[in-house]
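**Student:**
Number of protein chains: 2
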Amino acid sequence: MPMVTGLEGVVVAETNIGLVDGEKGHLVYRGHWAKELAITKTYEEVAYLLWYGKLPDQSELEQFKKQLVKERELPEYIKKMIELTPENVDMMSVVRTMVSAIGNDSFGWPPTLDEVISITAKIPTIIAYRYRLINGQKPLDPRSDLNHTANYLYMLTGTEPSTAHIRALDAYLILTMEHGMNASTFTARVVGSTRSDLASSISAAVGALKGPLHGGAPSEVSDMLEQIGTKENAEPWIRSQLEKGELLMGFGHRVYKTYDPRAEALSVVAEELSKEDPYFELARYVEKKCLELLAEYKPGRKIYTNVEYYAAAVLKGINLPPQLFTPTFVVSRVVGWSAHLIEQAEVNRIFRPQSTYVGELPAE
Amino acid sequence: MPMVTGLEGVVVAETNIGLVDGEKGHLVYRGHWAKELAITKTYEEVAYLLWYGKLPDQSELEQFKKQLVKERELPEYIKKMIELTPENVDMMSVVRTMVSAIGNDSFGWPPTLDEVISITAKIPTIIAYRYRLINGQKPLDPRSDLNHTANYLYMLTGTEPSTAHIRALDAYLILTMEHGMNASTFTARVVGSTRSDLASSISAAVGALKGPLHGGAPSEVSDMLEQIGTKENAEPWIRSQLEKGELLMGFGHRVYKTYDPRAEALSVVAEELSKEDPYFELARYVEKKCLELLAEYKPGRKIYTNVEYYAAAVLKGINLPPQLFTPTFVVSRVVGWSAHLIEQAEVNRIFRPQSTYVGELPAE
Numbered sequence: 001m002p003m004v005t006g007l008e009g010v011v012v013a014e015t016n017i018g019l020v021d022g023e024k025g026h027l028v029y030r031g032h033w034a035k036e037l038a039i040t041k042t043y044e045e046v047a048y049l050l051w052y053g054k055l056p057d058q059s060e061l062e063q064f065k066k067q068l069v070k071e072r073e074l075p076e077y078i079k080k081m082i083e084l085t086p087e088n089v090d091m092m093s094v095v096r097t098m099v100s101a102i103g104n105d106s107f108g109w110p111p112t113l114d115e116v117i118s119i120t121a122k123i124p125t126i127i128a129y130r131y132r133l134i135n136g137q138k139p140l141d142p143r144s145d146l147n148h149t150a151n152y153l154y155m156l157t158g159t160e161p162s163t164a165h166i167r168a169l170d171a172y173l174i175l176t177m178e179h180g181m182n183a184s185t186f187t188a189r190v191v192g193s194t195r196s197d198l199a200s201s202i203s204a205a206v207g208a209l210k211g212p213l214h215g216g217a218p219s220e221v222s223d224m225l226e227q228i229g230t231k232e233n234a235e236p237w238i239r240s241q242l243e244k245g246e247l248l249m250g251f252g253h254r255v256y257k258t259y260d261p262r263a264e265a266l267s268v269v270a271e272e273l274s275k276e277d278p279y280f281e282l283a284r285y286v287e288k289k290c291l292e293l294l295a296e297y298k299p300g301r302k303i304y305t306n307v308e309y310y311a312a313a314v315l316k317g318i319n320l321p322p323q324l325f326t327p328t329f330v331v332s333r334v335v336g337w338s339a340h341l342i343e344q345a346e347v348n349r350i351f352r353p354q355s356t357y358v359g360e361l362p363a364e
Numbered sequence: 001m002p003m004v005t006g007l008e009g010v011v012v013a014e015t016n017i018g019l020v021d022g023e024k025g026h027l028v029y030r031g032h033w034a035k036e037l038a039i040t041k042t043y044e045e046v047a048y049l050l051w052y053g054k055l056p057d058q059s060e061l062e063q064f065k066k067q068l069v070k071e072r073e074l075p076e077y078i079k080k081m082i083e084l085t086p087e088n089v090d091m092m093s094v095v096r097t098m099v100s101a102i103g104n105d106s107f108g109w110p111p112t113l114d115e116v117i118s119i120t121a122k123i124p125t126i127i128a129y130r131y132r133l134i135n136g137q138k139p140l141d142p143r144s145d146l147n148h149t150a151n152y153l154y155m156l157t158g159t160e161p162s163t164a165h166i167r168a169l170d171a172y173l174i175l176t177m178e179h180g181m182n183a184s185t186f187t188a189r190v191v192g193s194t195r196s197d198l199a200s201s202i203s204a205a206v207g208a209l210k211g212p213l214h215g216g217a218p219s220e221v222s223d224m225l226e227q228i229g230t231k232e233n234a235e236p237w238i239r240s241q242l243e244k245g246e247l248l249m250g251f252g253h254r255v256y257k258t259y260d261p262r263a264e265a266l267s268v269v270a271e272e273l274s275k276e277d278p279y280f281e282l283a284r285y286v287e288k289k290c291l292e293l294l295a296e297y298k299p300g301r302k303i304y305t306n307v308e309y310y311a312a313a314v315l316k317g318i319n320l321p322p323q324l325f326t327p328t329f330v331v332s333r334v335v336g337w338s339a340h341l342i343e344q345a346e347v348n349r350i351f352r353p354q355s356t357y358v359g360e361l362p363a364e
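Note that the protein sequences, when read in sequence, are chains Y and P.
First residue of the first sequence? That's 1 in this note's numbering, and the numbers climb one at a time after it.
First residue of the second sequence? That's 1 in this note's numbering, and the numbers climb one at a time after it.
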């Protein structure tokens, strides 16, 4: 068999979890359009959908939310480990280490939904605990009266977030929970295929998402918006970039050959929010100008807005500092990873591909 | 493209590092027979070979050993994290977490040999530090006058190991450093393909090796030898297992369809050691009886001794407790993982396979 670099086009699993159709611009989670879920549902409802295969009814949702709330608190030794972690350790490394540190003898195989809920509930607490510590602020206990998204923002900032900010972050988190067999989801499945435990699989996936080719560098988009600053400045700034042959960050995607459905949904959210915050209006205006000028400078090349553009716009719009963009991606994608691990366990076979030796041979 | 379960037979990389030929029973490291290296070389020499592509000359070896020695010491915060880790956290989880915790801002992409040496040098110290702590003993500082293998045994036991034990463990470690595109090596490559850092890739690989389908349960072989106990007891014990339709642990392998070259080399080492320790003689006698009786009970099925049989015999023979068998596998396999990560970085392309969605579709 010839070598398949990067396994492009190789199907490694059948899945009931999600469909990514880049030609049509479709993103489906368990029979539902992701973009509709993002606009109409909460983090908890969509996590439930991805894990249990159906949307919860009212009493299922209440019980599920209670369990998530109960699991938010970090064990004391995890807090102390975060405190011990030197300042030159970046947030993604902290998340990877602490997810790993949560694992113990009680984690077996196959992974259980209780373990999944426990790790998912703790990730925002890990990030917020570390974030406040390195900023010289006292870490805050989670607040049981707030939902997952609102509590995350509260633990970071110490103030109760606005409904608009909760809604914007909820939409972002829902839209980035699941995206087919990407590198981190695949990593989780490969680790899980050895019958290793959930802490191993999820911490490995965090490590994969840390790579700039995957978790991306969304701060580049927010840097661009910051540099542009005003509507008037948009066209001259973009023209000058394109004249210099520079890329515009946030446009084009390996998978989507049409409008990225996640960008589409986040654009709807940004439109609503622009009444409350002019930053969202700027983001929408800059997007329009970028697309116009890309069509002018690169005629015939179909380049569309990707999720990073609006992800950055939304995350910046709710005042999240850029060093929290990729860690916040973990807050959502852990849902997809876990769904895939549960599914992988049902039909498990260890991943053991081949390599071709092209080195020297010894004399026989 | 049809689904390839477990990626069996799919070639994902060309490599100069190692060749596993299961039909012929060949294992080659960079142009050398692994079984010859195991009998004639040390851990340091073979690690150098796998990383630098050639065996070191005398002065290269001296310098390399100095660098490894210098990097053995754990940072204070890692020691404290190990102390904080609750008792119900198994050794593989501790190694996974502490390798992750070593990572910081200075780890970039591509991975460097300095980073590789630093992590490889610290793994035995992590294991020994934890091992002595949970056994109520004071952890020991590494001893700079001992080589990698001898120092590992010294840090575990507090006594200077015999030459026979050093030699047996060296052979085991050399033979398990590298084995083609197995699940943990593949995990390391997938994580590294996102341009993530070495701490991410190696801790992910530790997590994959933790899975019983991969890192195995070599303690089952040593349990068998313990139950048999004496030569006289071997035949009746084995017959009774085979009559009950039970498997004999340590025989048969997914890849090798002939004598596993690693078992072959370890058998030579065990033979030498049997003069000094009757346990090795028992192990060789039980192997012979198992093969005889397997031929009698399963005629026509070619079943050969695999590496786990002699790995368990050797590790038990040097008095390593079974809970350290898989962690000790990390001490060796980290060399192969790192060699693959350096190679992957040279021709990198992100691993992003496909999945086929078989769930419901929403109405358009």
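Think of the CB as a built atom: it goes at the ideal place given N, C-alpha and C, for glycine as much as any other residue.
Kindly list the residues whose CB is nearer than 7 Å to the CB of Leu37 (chain P), restricted to its own chain and excluding five residues on each side of it in sequence; keep chain order.
**Tutor:** Stepping through the second sequence from its first residue, residue 37 (chain P) is reached at position 37. These residues qualify, in order along the chain: Tyr29, Val46, Ile174.
**Student:** Taking Phe186 (chain P) as the query, report the chain Y residues whose CB atoms sit under 8 Å from its CB, ordered along the chain.
**Tutor:** On the second sequence, residue 186 (chain P) is found 186 positions in, with the first residue counted as 1. Val190, Phe351, Arg352, Pro353, listed in chain order.
**Student:** Could you check the C-alpha separation between Leu7 (chain P) and Ala265 (chain Y) for me, to the nearest Å?
**Tutor:** If you number the second sequence from 1, residue 7 (chain P) lands on position 7. If you number the first sequence from 1, residue 265 (chain Y) lands on position 265. Looking at the two C-alpha atoms, the distance is approximately 35 Å.
**Student:** To which residues of the same chain is Val191 (chain Y) closer than 6 Å at the C-beta, ignoring the five residues directly before and after it?
**Tutor:** Walking along the first sequence from the start, residue 191 (chain Y) turns up at place 191. Excluding positions up to five away in sequence, the list reads Ser200, Ser201, Ala204.
**Student:** Given a cut-off of 7 Å on the beta-carbon distance, is the pair Leu99 (chain Y) and Val20 (chain Y) in contact?
**Tutor:** Here the question's residue 99 (chain Y) lines up with position 99 in the first sequence. Here the question's residue 20 (chain Y) lines up with position 20 in the first sequence. Rather than Leu, the amino acid found at residue 99 (chain Y) in this sequence is Val. Contact annotation: Val99 (chain Y) and Val20 (chain Y) have beta-carbon atoms that are not nearer than 7 Å.
**Student:** Just to confirm my understanding: we take Val255 (chain P), look at its own chain, exclude 5 residues before and 5 after, and list those with CB closer than 7 Å. What are they?
**Tutor:** For this step, residue 255 (chain P) is matched to residue 255 along the second sequence. Cβ neighbours of Val255 (chain P) beyond the five flanking positions: Val20, Gly22.
**Student:** Would you list the residues sitting across from Gly18 (chain Y) in a DSSP beta bridge?
**Tutor:** As a first step, residue 18 (chain Y) is located in the first sequence; it is residue number 18 there, counting from the start. Bridge partners of Gly18 (chain Y): Y:Tyr29.
**Student:** Do His340 (chain P) and Thr185 (chain P) come within 7 Å of each other at the CB atom, strictly closer than that value?
**Tutor:** Looking up residue 185 (chain P) in the second sequence gives position 185. Looking up residue 340 (chain P) in the second sequence gives position 340. Yes, Cβ-Cβ distance for Thr185 (chain P) and His340 (chain P) is below 7 Å.
**Student:** Assuming contact is defined by CB atoms lying nearer than 7 Å, are Ser196 (chain P) and Lys210 (chain Y) in contact in what I supplied?
**Tutor:** Stepping through the second sequence from its first residue, residue 196 (chain P) is reached at position 196. Stepping through the first sequence from its first residue, residue 210 (chain Y) is reached at position 210. For Ser196 (chain P) and Lys210 (chain Y), yes; Cβs fall inside 7 Å.
**Student:** Is Thr120 (chain Y) helix, strand or coil when you go by DSSP?
**Tutor:** The residue labelled residue 120 (chain Y) in the question sits at position 120 within the first sequence. Three-state DSSP puts Thr120 (chain Y) in a helix.
**Student:** Taking CB distances under 7 Å as the criterion, tell me whether Tyr357 (chain P) reaches chain Y.
**Tutor:** Counting from one through the second sequence, the residue named residue 357 (chain P) turns up at place 357. Yes, its Cβ sits closer than 7 Å to a Cβ of chain Y.
**Student:** By Cβ distance, which residues of its chain are closer than 7 Å to Ile303 (chain P), with the 5 residues on each side in sequence left out?
**Tutor:** As a working note, residue 303 (chain P) is residue 303 in the second sequence. So the list reads Phe251, Gly252, Leu294, once near-sequence residues are dropped.
**Student:** Please list the partners that Asn16 (chain Y) has in chain P, where partner means a Cβ-to-Cβ separation under 7 Å.
**Tutor:** On the first sequence, position 16 is the one that residue 16 (chain Y) refers to. Val358, Gly359, listed in chain order.
**Student:** What does DSSP give as the partner residues of Phe251 (chain Y) in its beta bridges?
**Tutor:** As a working note, residue 251 (chain Y) is residue 251 in the first sequence. The partner list for Phe251 (chain Y) (beta bridge, DSSP) reads Y:Thr305.
**Student:** Inspect the beta-carbon positions of Trp33 (chain Y) and Pro362 (chain P) and report whether they are closer than 7 Å.
**Tutor:** Residue numbering aside, residue 33 (chain Y) sits at position 33 when the first sequence is read from its first letter. Residue numbering aside, residue 362 (chain P) sits at position 362 when the second sequence is read from its first letter. Cβ atoms of Trp33 (chain Y) and Pro362 (chain P): closer than 7 Å.
**Student:** Report the residue from Y:Ala188, Y:Val10, Y:Val4, Y:Gly25 whose alpha carbon sits nearest the alpha carbon of Glu364 (chain P).
**Tutor:** For the purposes of this step, residue 364 (chain P) is taken as the residue at position 364 of the second sequence. Residue Y:Gly25 is the option with its Cα nearest to Glu364 (chain P).
**Student:** Beta-carbon separation of Tyr154 (chain Y) and Pro139 (chain Y) under 7 Å?
**Tutor:** For the purposes of this step, residue 154 (chain Y) is taken as residue 154 along the first sequence, with counting starting at 1. For the purposes of this step, residue 139 (chain Y) is taken as residue 139 along the first sequence, with counting starting at 1. Not a contact, by the Cβ cut-off of 7 Å.
**Student:** Going by DSSP in three states, Val12 (chain Y) sits in which element: helix, strand or coil?
**Tutor:** In the first sequence, residue 12 (chain Y) corresponds to position 12, counting from 1. If DSSP states are grouped into helix, strand and coil, Val12 (chain Y) belongs with the strands.
**Student:** From P:Pro110, P:Thr258, P:Thr230, pick the residue whose C-alpha is nearest to that of Ser193 (chain P); which is it?
**Tutor:** Translated into the one-based positions of the second sequence, residue 193 (chain P) becomes position 193. Here the closest residue by C-alpha is P:Pro110.
**Student:** Tell me the rounded alpha-carbon separation between Ala164 (chain P) and Asp145 (chain P).
**Tutor:** Counted from its first residue, the second sequence places residue 164 (chain P) at position 164. Counted from its first residue, the second sequence places residue 145 (chain P) at position 145. Roughly 18 Å between the two C-alpha positions.
**Student:** 7 Å is my cut-off, CB to CB: does Trp51 (chain Y) come that close to chain B?
**Tutor:** Judged by its chain identifiers, the structure shown contains no chain B, and its protein chains are Y and P.
**Student:** Could you name the residues of the same chain whose beta carbon sits closer than 7 Å to that of Glu41 (chain Y), not counting the 5 residues immediately before and after it, in chain order?
**Tutor:** Here the question's residue 41 (chain Y) lines up with position 41 in the first sequence. One detail in the question is off: residue 41 (chain Y) reads as Lys in this sequence, not Glu. Cβ within range, chain order: Ile174.
**Student:** Is DSSP giving Ser338 (chain Y) helix, strand or coil here?
**Tutor:** Within the first sequence, the letter at position 338 stands for residue 338 (chain Y). Looking at Ser338 (chain Y) - three-state DSSP - the assignment turns out to be helix.
**Student:** Is Leu225 (chain Y) buried or exposed, if buried means 16 or more other CB atoms sit within 10 Å of its CB?
**Tutor:** Indexing the first sequence from 1 puts residue 225 (chain Y) at position 225. Flag for Leu225 (chain Y) reads buried.
**Student:** Could you list the residues in the stretch 30-56 of chain P with a C-beta less than 7 Å from some C-beta on chain Y, going in chain order?
**Tutor:** Taking 7 Å as the cut-off between beta carbons, the residues of the stretch 30-56 of chain P near chain Y are Arg30, Gly31, His32, Trp33, in sequence order.
**Student:** With distances taken between CB atoms, is the gap from Ile238 (chain P) to Cys290 (chain P) smaller than 7 Å?
**Tutor:** Translated into the one-based positions of the second sequence, residue 238 (chain P) becomes position 238. Translated into the one-based positions of the second sequence, residue 290 (chain P) becomes position 290. By the CB criterion at 7 Å, Ile238 (chain P) and Cys290 (chain P) fall inside the cutoff.
**Student:** Our contact map puts Arg333 (chain Y) next to Thr176 (chain Y) with C-beta atoms below 8 Å; I'd like the distance itself, whole angstroms only.
**Tutor:** For the purposes of this step, residue 333 (chain Y) is taken as residue 333 along the first sequence, with counting starting at 1. For the purposes of this step, residue 176 (chain Y) is taken as residue 176 along the first sequence, with counting starting at 1. Right, the Cβ-Cβ distance comes to about 6 Å (below 8 Å), so this counts as a contact.
**Student:** Should Ile350 (chain Y) and Ala183 (chain P) be called a contact, given that it needs their Cβ atoms to be closer than 7 Å?
**Tutor:** As a working note, residue 350 (chain Y) is residue 350 in the first sequence. As a working note, residue 183 (chain P) is residue 183 in the second sequence. Yes, these two residues count as a Cβ contact at 7 Å.
**Student:** Any idea what DSSP makes of Met177 (chain Y), helix, strand or coil?
**Tutor:** By 1-based counting over the first sequence, the position of residue 177 (chain Y) is 177. Residue state, collapsed to three classes: coil.
**Student:** Straight-line CA distance for Ala208 (chain Y) to His214 (chain Y)?
**Tutor:** The sequence position of residue 208 (chain Y) within the first sequence is 208, counting from 1. The sequence position of residue 214 (chain Y) within the first sequence is 214, counting from 1. Roughly 7 Å separates the two Cα atoms.
**Student:** Buried or exposed: where does Asn306 (chain P) fall if 16 or more other Cβ atoms within 10 Å of its Cβ makes it buried?
**Tutor:** Within the second sequence, numbered from 1, the residue matching residue 306 (chain P) stands at position 306. Its Cβ being crowded by 16 or more others within 10 Å, Asn306 (chain P) is buried.
**Student:** So, with DSSP's three-state summary, where would you put Tyr357 (chain Y)?
**Tutor:** On the first sequence, residue 357 (chain Y) is found 357 positions in, with the first residue counted as 1. Of the three classes helix, strand and coil, the one that applies to Tyr357 (chain Y) here is strand, per DSSP.
**Student:** Strictly below 7 Å CB to CB, what residues from chain P border Glu308 (chain Y)?
**Tutor:** Translated into the one-based positions of the first sequence, residue 308 (chain Y) becomes position 308. Chain P residues near Glu308 (chain Y): none, gap ~15 Å exceeds 7 Å.
**Student:** Which residues in chain Y sit within 9 Å of Ser106 (chain P), going by Cβ to Cβ distance?
**Tutor:** Here the question's residue 106 (chain P) lines up with position 106 in the second sequence. Per Cβ cutoff of 9 Å: Asn88.
**Student:** Mind pulling the alpha helix (DSSP H) runs of 4 or more residues that sit fully within the stretch 153-203 of chain P?
**Tutor:** 163-175, 183-192
**Student:** Quick one: measure Cβ to Cβ for Glu14 (chain P) and Met249 (chain Y), integer angstroms, because I've assumed they're closer than 8 Å.
**Tutor:** As a first step, residue 14 (chain P) must be located in the second sequence, where it is residue number 14. As a first step, residue 249 (chain Y) must be located in the first sequence, where it is residue number 249. About 33 Å; that fails the 8 Å criterion.
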